[in-house]
Each structure stands twice: as C-alpha cells, then as structure tokens.
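In this note's numbering, each residue's number is its place in the sequence shown (first place is 1) plus 411.
Yeah, the Cβ is synthetic: ideal placement off N, Cα and C, and Gly gets one too.
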Amino acid sequence: MNKPAATSPFHPRNRHQGRYDFAALTAAHPPLAVKVRPNGYGELSVDFADPEAVMLLNQALLKLFYNLNWQLPAGYLTPPVPGRADYVHALADLLASDNGGVIPRDLDVMDIGCGANCIYPLIGNAEYGWRFTGTDITAEAITAAGQIVASNSGLQRAIRLRRQKDASSIFAGVVHKNERYHAVLCNPPFHASAEEAASVGQRKTRNLGLGKNAPLNFGGHHSELWCDGGERKFVGQMIDESVAHADQIVWFTSLVSRKENLPALRDQLRDREAYEVRIIEMAQGQKQSRFIAWTFQPPASRAKRLKR
412 MNKPAATSPF
422 HPRNRHQGRY
432 DFAALTAAHP
442 PLAVKVRPNG
452 YGELSVDFAD
462 PEAVMLLNQA
472 LLKLFYNLNW
482 QLPAGYLTPP
492 VPGRADYVHA
502 LADLLASDNG
512 GVIPRDLDVM
522 DIGCGANCIY
532 PLIGNAEYGW
542 RFTGTDITAE
552 AITAAGQIVA
562 SNSGLQRAIR
572 LRRQKDASSI
582 FAGVVHKNER
592 YHAVLCNPPF
602 HASAEEAASV
612 GQRKTRNLGL
622 GKNAPLNFGG
632 HHSELWCDGG
642 ERKFVGQMID
652 ESVAHADQIV
662 WFTSLVSRKE
672 NLPALRDQLR
682 DREAYEVRII
692 EMAQGQKQSR
702 FIAWTFQPPA
712 SRAKRLKR
C-alpha cells in the first residue's frame, strides 16, 4: 500500500500545509501527471517507493510554490521539501528573536553540506531573500548545485558555492578571513558508517515492500548519508571549529536527528563557553525533528549585527 499524502502540521509559515494538491502540482509540472494515481485510501498520491515519482513531486513542489527549476543527477539525495522548509522558517524565528520579533531580510547564511540539491539556499532565498554560501566536499555536488543556480534567473547573485577541499575541516577554507555570516545551517550525515547506512536503507525498502536490491526512494551518495562517527561526531567537530569563528558567525545551527545526542553536545558547548544554546523542536506529523543552535555573542551584539 502506498504512503498517504502528507498531512503534517508544519511551521505556520510553511507553504506545504495539508495534503498535496495534485491538480495544482501537475498543472505546474505536467511530467508529474503520469505518476499520480489513487492510493490505497482512495486519494490521489504518488508511489513514494518510486524514486522517479519522488523526484517529479519535488520538482512540482519547487515549481508551484517557489517558481524554481530544479534537476538532480541520479543517485543524489532527494530532499523532502516540506521538512527542509521547516528548518528555514524555524531559523528565521531564531534570528527574529534578536531583532525585536521581526524576521531580518538582509542576511548572509552559510549552508554546510549543501549537496547537489542546494535545497536550503533555494528555499531561504525564495522565502526571505537571504544570501547564501553553500559548501560541499565533492566537486560533483558543487557542479550539480551550480547548474540549479544557473537555471534560475537572479540566483547567481544570491547563492555562491564553494568546495571544501579539506575533507577533515568544516569551516576552515570556506569561511574567508574578512567574511561575516548571520547564521550557519547544516543537515549533517546521519549514519556512522557505510554498513549502518546500508542496513537502514535495506530495512526501509523492506518496509516499503520492495526487494533488497531496490534503489532508495530518496537516494543519497555516501557523503550525504554517513561519515565516520555519524552526526554526533560531525556536530561535535562543528562545535570545536566554531570557537575560531565566534566573531564571524552569529548563530551556528545543525539538525540533530538522534535526540540522545543532545546531552553530550550541550556539555561540549558548555565546555567551549558558548554564550547561549537553544534546542529548536520541529514536528512534521508523527516525525519529530530538531536543530541545536549556539552562539558566542551576547544579545546586544547579535541585535547590532542584524541592524547593520
């Protein structure tokens, strides 16, 4: 049985509320129409176990709601657009808390690991006009993201891309000496090893009723899915490296998929003398997600940066 259409209670400003309007989506992106059919609940949907259907749905969502042209090479991570938008909106709320409750628009944001999909810069610029620097460790991902940027008028001035040539570093080499950023966001590699990623992927395909050799419906290259030590080690390295950029970047943030990782990350931030740490909870239906945010700057300094 196919997955029912989305009904998740997203952030109030998230455009993706309620069930998918497939009439509007197929009108915006006609190639999606061949994948739309009644599901086991008698409602129009797509087969979420079909990677091509998931890709076409994402293209339709980005076209309908943001007027964006979007294409992804085969095998790369296809992000669930509504959930990614929630992170952007919640980050906007965090920044607004330093600006008298008003969402600031004249901002520079860095996306660590933008991937080939470049989804956070695309949504962040479309919603709030923010300027982005997206980084990734693979040349292929940067090339693919660059093609998306080039295919949408005006984005070349709003989104720049940098390859992180040192795979052992996160900020060094991509944050230049005289640059200033209001925020960093990151969706870190979740799994701790290739074996763990493969095991979870196989379990997911079984749950979808597919054969063990079926492709993942959302895809993903190894750098998008896993790193040595998983998200706990990756975010921990972000924290360690962030100290050197405490004056350049106001808010550091990262998604944390495993809630059990939060206590150790909080302890690490206390040891690094972060001025403030926040855990921002997000709920998408039955799925709970969150990001951790930290800053080394007091409120007065943060507010001043937003009023430059």
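A704 is a Cβ neighbour of R689, given a cutoff of 7 Å. A straight-line Cα-Cα distance of about 40 Å links S456 and A578. Excluding its 5 nearest sequence neighbours in each direction, P532 has C-beta neighbours in its own chain below 7 Å: D522, C525, F543, G545 and I570, listed in chain order.
Annotation for Q659: V586, E590, R591 and Y592 place their beta carbon closer than 8 Å to its own, counting only its chain and skipping 5 residues before and after.
Annotation: the continuous alpha helix (DSSP H) that includes V560 extends over A550 to A561. Three or more Cβ pairs drawn from the segment 473-492 and the segment 552-565 lie within less than 8 Å of each other, which places the two stretches in contact. In the DSSP assignment, the residues bridged to A704 are T664 and R689. In this structure P710 does not touch D517 by the C-beta definition: roughly 19 Å separates them, more than the 8 Å allowed. Ranking S700, T706 and E642 by CA distance to the CA of Y498 puts S700 first.
Secondary-structure assignment with DSSP links F543 through a beta bridge to V520 and I570. Under the three-state reduction of DSSP, Y592 is assigned to strand. For R683, the three-state secondary structure derived from DSSP is coil.
Around I581, the same chain offers I523, Q648, M649 and E652 as residues with beta carbons nearer than 7 Å, after the five sequence neighbours per side are excluded.
Going by DSSP, F645 is part of the alpha helix (DSSP H) stretching over G641 to S653. For Q470, the enclosing alpha helix (DSSP H) begins and ends at P462 to Y477. In the DSSP assignment, Q699 is bridged to A694. Per the coordinates, the alpha-carbon of N425 lies some 31 Å from the alpha-carbon of A675. When the beta-carbon positions are compared, L596 and T664 come within less than 7 Å of each other. If you check the CB distance, V445 and N469 do not come in under 7 Å. At the C-beta level, A496 and I534 come within 7 Å of one another.
For T706 against E687, the beta-carbon gap comes to about 5 Å, under 8 Å, which counts as contact. In the DSSP assignment, G494 falls within the alpha helix (DSSP H) that extends over V492 to A507.
Assignment of P710 by DSSP, reduced to helix, strand and coil, places it in the helix class. For R677, the three-state secondary structure derived from DSSP is helix.
Counting along the chain, the unbroken alpha helix (DSSP H) around L436 starts and ends at F433 to A439. DSSP places R716 in the helix class (H, G or I) of the three-state scheme. Shown here, L455 sits in a strand according to DSSP, grouped into three states.
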